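**Student:** Residue numbers (the numbering used here): 654 to 959. Yeah, the Cβ is synthetic: ideal placement off N, Cα and C, and Gly gets one too. Here the structure is a predicted model, which is why all the values come from computation and not from measurement. This is the structure, below, for whatever I ask next.
Set out below in C-alpha coordinates:
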(Lines of atoms letter the chains of each structure in order from A and count residues from 1; the text may use other names and numbers.)
(Lines give C-alpha, C1' and ligand atoms only; values in the text may rest on other atoms or scores of the structure.)
Protein backbone atom coordinates (compact mmCIF):
# COMPACT_ATOMS: atom_id res chain seq x y z
CA UNK A 1 0.00 0.00 0.00
CA UNK A 2 1.32 3.50 -0.79
CA UNK A 3 1.62 6.26 1.80
CA UNK A 4 -1.94 7.42 2.69
CA UNK A 5 -2.53 10.95 1.39
CA UNK A 6 -5.72 13.02 1.79
CA UNK A 7 -6.95 15.73 -0.59
CA UNK A 8 -10.13 17.22 -2.03
CA UNK A 9 -10.88 19.45 -5.01
CA UNK A 10 -12.71 21.85 -2.66
CA UNK A 11 -9.36 22.91 -1.14
CA UNK A 12 -8.60 25.67 -3.67
CA UNK A 13 -11.83 27.62 -4.24
CA UNK A 14 -11.87 30.69 -6.51
CA UNK A 15 -9.98 33.50 -4.82
CA UNK A 16 -9.16 37.18 -5.52
CA UNK A 17 -6.07 37.55 -7.70
CA UNK A 18 -3.08 38.89 -5.81
CA UNK A 19 -4.43 38.06 -2.34
CA UNK A 20 -1.74 37.50 0.29
CA UNK A 21 -3.00 34.01 1.06
CA UNK A 22 -1.94 31.57 -1.70
CA UNK A 23 -5.21 29.62 -1.92
CA UNK A 24 -4.23 27.81 -5.11
CA UNK A 25 -1.24 26.19 -3.40
CA UNK A 26 -3.33 23.18 -2.36
CA UNK A 27 -4.29 22.37 -5.94
CA UNK A 28 -0.71 23.02 -7.10
CA UNK A 29 0.59 20.73 -4.35
CA UNK A 30 -1.71 17.97 -5.56
CA UNK A 31 -0.50 18.53 -9.15
CA UNK A 32 3.14 18.46 -8.03
CA UNK A 33 2.77 15.20 -6.12
CA UNK A 34 1.03 13.55 -9.08
CA UNK A 35 3.45 14.94 -11.66
CA UNK A 36 6.45 13.85 -9.60
CA UNK A 37 5.10 10.30 -9.47
CA UNK A 38 4.63 10.19 -5.71
CA UNK A 39 0.93 9.43 -6.03
CA UNK A 40 -1.93 9.30 -8.51
CA UNK A 41 -5.27 11.03 -8.39
CA UNK A 42 -6.99 7.69 -7.81
CA UNK A 43 -4.81 6.98 -4.76
CA UNK A 44 -5.64 10.25 -3.02
CA UNK A 45 -8.29 9.77 -0.33
CA UNK A 46 -11.20 12.24 -0.35
CA UNK A 47 -12.69 13.41 2.96
CA UNK A 48 -16.25 14.21 3.96
CA UNK A 49 -17.30 17.52 5.50
CA UNK A 50 -16.58 17.73 9.21
CA UNK A 51 -19.89 17.56 11.14
CA UNK A 52 -20.83 20.69 13.08
CA UNK A 53 -21.04 18.73 16.34
CA UNK A 54 -17.38 17.73 16.00
CA UNK A 55 -16.34 21.33 15.29
CA UNK A 56 -18.29 22.28 18.41
CA UNK A 57 -15.99 20.14 20.56
CA UNK A 58 -13.60 23.11 20.52
CA UNK A 59 -15.50 26.00 18.87
CA UNK A 60 -18.50 28.06 19.98
CA UNK A 61 -21.65 26.83 18.17
CA UNK A 62 -22.76 30.42 17.58
CA UNK A 63 -19.39 31.24 15.99
CA UNK A 64 -19.65 28.18 13.73
CA UNK A 65 -23.13 29.21 12.61
CA UNK A 66 -22.13 32.83 12.03
CA UNK A 67 -19.14 31.89 9.94
CA UNK A 68 -21.04 29.37 7.82
CA UNK A 69 -23.76 31.97 7.16
CA UNK A 70 -21.24 34.65 6.22
CA UNK A 71 -22.21 36.80 9.21
CA UNK A 72 -18.86 37.50 10.89
CA UNK A 73 -18.37 40.95 12.33
CA UNK A 74 -16.05 43.42 10.62
CA UNK A 75 -13.52 42.90 13.41
CA UNK A 76 -13.54 39.14 12.93
CA UNK A 77 -13.19 39.51 9.16
CA UNK A 78 -10.19 41.79 9.71
CA UNK A 79 -8.61 39.26 12.10
CA UNK A 80 -9.16 36.48 9.59
CA UNK A 81 -7.86 38.21 6.48
CA UNK A 82 -9.85 36.06 4.04
CA UNK A 83 -12.90 37.13 2.00
CA UNK A 84 -15.97 35.04 2.86
CA UNK A 85 -17.70 32.91 0.22
CA UNK A 86 -19.83 29.78 0.28
CA UNK A 87 -17.01 27.95 -1.49
CA UNK A 88 -14.49 29.01 1.16
CA UNK A 89 -16.87 27.98 3.96
CA UNK A 90 -17.30 24.55 2.39
CA UNK A 91 -13.54 24.28 1.85
CA UNK A 92 -12.91 25.12 5.49
CA UNK A 93 -15.20 22.42 6.86
CA UNK A 94 -13.97 19.91 4.27
CA UNK A 95 -10.36 20.53 5.26
CA UNK A 96 -11.09 19.80 8.93
CA UNK A 97 -12.76 16.60 7.72
CA UNK A 98 -9.57 15.91 5.80
CA UNK A 99 -7.44 16.21 8.91
CA UNK A 100 -9.82 13.89 10.77
CA UNK A 101 -9.57 11.31 7.98
CA UNK A 102 -5.77 11.67 8.01
CA UNK A 103 -5.79 10.97 11.75
CA UNK A 104 -7.82 7.80 11.24
CA UNK A 105 -5.40 6.65 8.54
CA UNK A 106 -2.39 7.43 10.73
CA UNK A 107 -3.80 5.35 13.58
CA UNK A 108 -4.49 2.52 11.16
CA UNK A 109 -1.22 2.54 9.20
CA UNK A 110 1.27 4.38 11.42
CA UNK A 111 1.69 7.38 9.11
CA UNK A 112 -0.54 9.54 6.91
CA UNK A 113 -0.30 13.04 5.46
CA UNK A 114 -2.81 15.70 4.53
CA UNK A 115 -2.40 18.07 1.59
CA UNK A 116 -3.78 20.86 3.80
CA UNK A 117 -4.35 21.50 7.52
CA UNK A 118 -2.52 23.15 10.38
CA UNK A 119 -4.95 26.02 11.06
CA UNK A 120 -3.47 26.71 14.47
CA UNK A 121 -4.47 30.37 14.97
CA UNK A 122 -8.24 29.74 15.12
CA UNK A 123 -9.75 30.38 18.58
CA UNK A 124 -12.92 29.33 20.40
CA UNK A 125 -15.19 32.04 19.03
CA UNK A 126 -13.13 34.04 16.53
CA UNK A 127 -10.78 33.48 13.60
CA UNK A 128 -7.23 34.76 13.26
CA UNK A 129 -4.33 34.74 10.85
CA UNK A 130 -6.09 33.02 7.90
CA UNK A 131 -7.43 30.32 10.27
CA UNK A 132 -11.16 29.74 10.78
CA UNK A 133 -11.52 26.38 12.56
CA UNK A 134 -8.61 24.73 14.37
CA UNK A 135 -8.16 21.26 12.91
CA UNK A 136 -5.36 20.29 15.32
CA UNK A 137 -7.47 21.02 18.39
CA UNK A 138 -10.54 19.35 16.83
CA UNK A 139 -8.59 16.15 16.13
CA UNK A 140 -7.09 16.02 19.61
CA UNK A 141 -10.38 16.60 21.43
CA UNK A 142 -12.36 14.25 19.16
CA UNK A 143 -9.95 11.33 19.48
CA UNK A 144 -9.58 11.78 23.23
CA UNK A 145 -13.33 12.00 23.89
CA UNK A 146 -13.99 9.02 21.62
CA UNK A 147 -11.45 6.97 23.58
CA UNK A 148 -9.42 6.35 20.43
CA UNK A 149 -6.27 7.63 22.14
CA UNK A 150 -5.26 8.37 25.70
CA UNK A 151 -2.71 11.11 24.95
CA UNK A 152 -1.95 13.28 21.91
CA UNK A 153 1.15 15.39 21.36
CA UNK A 154 0.95 18.28 18.90
CA UNK A 155 4.39 19.08 17.48
CA UNK A 156 3.96 22.43 15.75
CA UNK A 157 6.89 23.51 13.59
CA UNK A 158 5.13 26.36 11.81
CA UNK A 159 7.20 29.57 12.12
CA UNK A 160 4.30 31.24 13.97
CA UNK A 161 3.25 30.18 17.46
CA UNK A 162 0.22 27.90 17.62
CA UNK A 163 -1.63 30.30 19.90
CA UNK A 164 -5.14 29.11 19.08
CA UNK A 165 -4.24 25.48 19.69
CA UNK A 166 -2.62 26.35 23.02
CA UNK A 167 -5.68 28.24 24.26
CA UNK A 168 -8.24 25.73 23.02
CA UNK A 169 -6.45 22.83 24.71
CA UNK A 170 -5.09 24.56 27.82
CA UNK A 171 -7.55 22.65 30.06
CA UNK A 172 -7.00 19.31 28.32
CA UNK A 173 -4.15 17.56 30.20
CA UNK A 174 -3.94 14.71 27.69
CA UNK A 175 -3.34 17.02 24.70
CA UNK A 176 0.26 18.23 24.88
CA UNK A 177 0.95 21.37 22.85
CA UNK A 178 4.51 21.97 21.66
CA UNK A 179 5.36 25.02 19.54
CA UNK A 180 8.71 25.72 17.87
CA UNK A 181 8.38 29.22 16.45
CA UNK A 182 10.26 32.39 15.61
CA UNK A 183 10.06 34.50 18.76
CA UNK A 184 9.78 37.83 16.93
CA UNK A 185 6.84 37.01 14.68
CA UNK A 186 3.03 36.77 14.63
CA UNK A 187 1.14 36.66 16.93
CA UNK A 188 2.43 39.64 18.87
CA UNK A 189 0.72 38.39 22.03
CA UNK A 190 1.72 34.77 22.52
CA UNK A 191 -0.36 32.15 24.28
CA UNK A 192 1.16 29.61 26.67
CA UNK A 193 1.66 26.18 25.14
CA UNK A 194 2.66 23.26 27.32
CA UNK A 195 6.09 23.66 25.74
CA UNK A 196 7.02 26.86 23.91
CA UNK A 197 10.40 26.90 22.16
CA UNK A 198 11.03 30.42 20.82
CA UNK A 199 13.70 30.62 18.14
CA UNK A 200 15.82 33.64 17.15
CA UNK A 201 15.52 35.27 13.75
CA UNK A 202 17.98 33.98 11.19
CA UNK A 203 18.35 30.44 12.61
CA UNK A 204 19.58 28.01 9.95
CA UNK A 205 19.44 24.28 9.28
CA UNK A 206 21.98 22.88 11.74
CA UNK A 207 20.85 24.80 14.82
CA UNK A 208 17.17 24.22 14.01
CA UNK A 209 17.61 20.48 13.54
CA UNK A 210 19.43 20.22 16.87
CA UNK A 211 16.44 21.87 18.59
CA UNK A 212 14.07 19.39 16.89
CA UNK A 213 16.17 16.38 17.92
CA UNK A 214 16.71 17.58 21.49
CA UNK A 215 13.03 18.43 21.95
CA UNK A 216 11.69 15.10 20.71
CA UNK A 217 14.35 13.07 22.53
CA UNK A 218 13.23 14.77 25.73
CA UNK A 219 9.45 14.98 25.33
CA UNK A 220 8.47 11.72 23.63
CA UNK A 221 9.78 9.48 26.44
CA UNK A 222 8.11 11.70 29.05
CA UNK A 223 4.63 11.76 27.50
CA UNK A 224 4.59 8.56 25.42
CA UNK A 225 1.70 9.82 23.27
CA UNK A 226 -0.56 7.50 21.29
CA UNK A 227 -0.46 9.89 18.32
CA UNK A 228 1.65 12.86 17.21
CA UNK A 229 0.05 15.63 15.17
CA UNK A 230 2.91 17.17 13.18
CA UNK A 231 2.44 20.65 11.73
CA UNK A 232 5.15 20.81 9.06
CA UNK A 233 4.91 24.52 8.25
CA UNK A 234 7.34 25.59 5.53
CA UNK A 235 7.27 29.25 6.55
CA UNK A 236 10.56 28.50 8.34
CA UNK A 237 12.15 28.46 4.86
CA UNK A 238 14.69 31.15 3.96
CA UNK A 239 12.57 32.29 1.00
CA UNK A 240 9.26 32.52 2.84
CA UNK A 241 7.54 35.90 2.76
CA UNK A 242 6.48 35.81 6.44
CA UNK A 243 9.09 33.68 8.13
CA UNK A 244 12.43 35.19 9.32
CA UNK A 245 14.20 31.83 9.69
CA UNK A 246 16.76 30.47 7.21
CA UNK A 247 16.03 26.79 6.54
CA UNK A 248 16.82 25.38 3.10
CA UNK A 249 14.96 22.72 1.14
CA UNK A 250 17.44 20.18 2.50
CA UNK A 251 16.83 21.44 6.00
CA UNK A 252 13.07 21.02 5.63
CA UNK A 253 13.52 17.45 4.36
CA UNK A 254 15.88 16.63 7.23
CA UNK A 255 13.43 18.11 9.74
CA UNK A 256 10.48 16.14 8.38
CA UNK A 257 12.38 12.86 8.26
CA UNK A 258 13.77 13.43 11.76
CA UNK A 259 10.30 14.03 13.25
CA UNK A 260 8.89 10.94 11.57
CA UNK A 261 11.80 8.70 12.57
CA UNK A 262 11.70 9.94 16.17
CA UNK A 263 8.02 9.04 16.45
CA UNK A 264 7.89 5.85 14.42
CA UNK A 265 11.07 4.60 16.11
CA UNK A 266 9.02 4.64 19.31
CA UNK A 267 5.99 3.06 17.60
CA UNK A 268 4.03 6.33 17.79
CA UNK A 269 1.75 6.97 14.79
CA UNK A 270 2.16 10.35 13.07
CA UNK A 271 -0.25 12.59 11.18
CA UNK A 272 1.35 15.26 8.98
CA UNK A 273 -0.36 18.53 7.98
CA UNK A 274 1.26 21.19 5.81
CA UNK A 275 0.88 24.30 7.99
CA UNK A 276 1.89 27.73 6.76
CA UNK A 277 3.88 28.82 3.73
CA UNK A 278 3.79 32.11 1.85
CA UNK A 279 5.29 33.19 -1.46
CA UNK A 280 4.23 35.04 -4.58
CA UNK A 281 5.63 32.08 -6.55
CA UNK A 282 2.83 29.64 -5.81
CA UNK A 283 4.33 26.79 -7.82
CA UNK A 284 7.61 27.02 -5.89
CA UNK A 285 5.64 27.14 -2.65
CA UNK A 286 3.69 24.01 -3.59
CA UNK A 287 6.95 22.15 -4.23
CA UNK A 288 8.21 23.34 -0.84
CA UNK A 289 5.09 21.95 0.87
CA UNK A 290 5.60 18.71 -1.06
CA UNK A 291 8.86 18.12 0.80
CA UNK A 292 6.75 16.75 3.68
CA UNK A 293 5.05 14.18 1.47
CA UNK A 294 8.22 13.11 -0.31
CA UNK A 295 10.01 12.82 3.04
CA UNK A 296 7.14 10.79 4.46
CA UNK A 297 7.15 8.50 1.43
CA UNK A 298 10.86 7.78 1.96
CA UNK A 299 10.27 7.01 5.63
CA UNK A 300 7.21 4.89 4.72
CA UNK A 301 9.31 2.80 2.31
CA UNK A 302 12.32 2.56 4.62
CA UNK A 303 10.22 1.29 7.51
CA UNK A 304 8.12 -1.07 5.41
CA UNK A 305 4.83 0.41 6.60
CA UNK A 306 1.57 -0.69 5.01
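Anyone know if the C-beta pair for residue 771 and residue 886 falls short of 8 Å?
**Tutor:** Taking 8 Å as the Cβ cut-off, residue 771 and residue 886 qualify as a contacting pair.
**Student:** So what does DSSP say about residue 808, is it helix, strand or coil?
**Tutor:** If DSSP states are grouped into helix, strand and coil, residue 808 belongs with the strands.
**Student:** Would you call the segment 841–853 and the segment 813–829 touching, i.e. three or more CB-CB distances under 8 Å?
**Tutor:** As far as the Cβ criterion goes, the segment 841–853 touches the segment 813–829, which means the pair count is three or higher.
**Student:** Run through the DSSP bridge pairs and tell me what residue 832 is partnered with.
**Tutor:** Bridge partners of residue 832: 809, 849.
**Student:** Return the CA-CA distance between residue 949 and residue 914, expressed in angstroms with no decimal places.
**Tutor:** Whole-angstrom Cα-Cα distance: 10 Å.
**Student:** What is the DSSP secondary structure of residue 887, reduced to helix, strand or coil?
**Tutor:** If DSSP states are grouped into helix, strand and coil, residue 887 belongs with coil.
**Student:** Residue 820 to residue 738, Cα distance in whole Å?
**Tutor:** Each residue's alpha carbon lies about 27 Å from the other.
**Student:** Using the Cβ count rule (16 or more neighbours within 10 Å means buried), how would you classify residue 870?
**Tutor:** Exposed, since its Cβ has fewer than 16 Cβ neighbours within 10 Å.
**Student:** Below 8 Å between beta carbons: does that hold for residue 947 and residue 691?
**Tutor:** For residue 947 and residue 691, yes; Cβs fall inside 8 Å.
**Student:** Closest to residue 806 by CA distance: which of 922, 861, 724, 767 is it?
**Tutor:** Residue 806 has its Cα closest to that of 922, out of 922, 861, 724, 767.
**Student:** Check whether the Cβ of residue 924 lies closer than 8 Å to any Cβ atom in chain C.
**Tutor:** As a matter of chain content, chain C is missing from the structure shown, which is built from one protein chain.
**Student:** Looking only at its own chain, which residues have a Cβ that is under 7 Å from the Cβ of residue 787, when we skip the five neighbours before and after it?
**Tutor:** Around residue 787: 711, 772, 773, 775, 817, 818, 821.
**Student:** Excluding the five sequence neighbours on either side, which residues of its own chain have a C-beta within less than 6 Å of the C-beta of residue 733, listed in chain order?
**Tutor:** These residues qualify, in order along the chain: 780.
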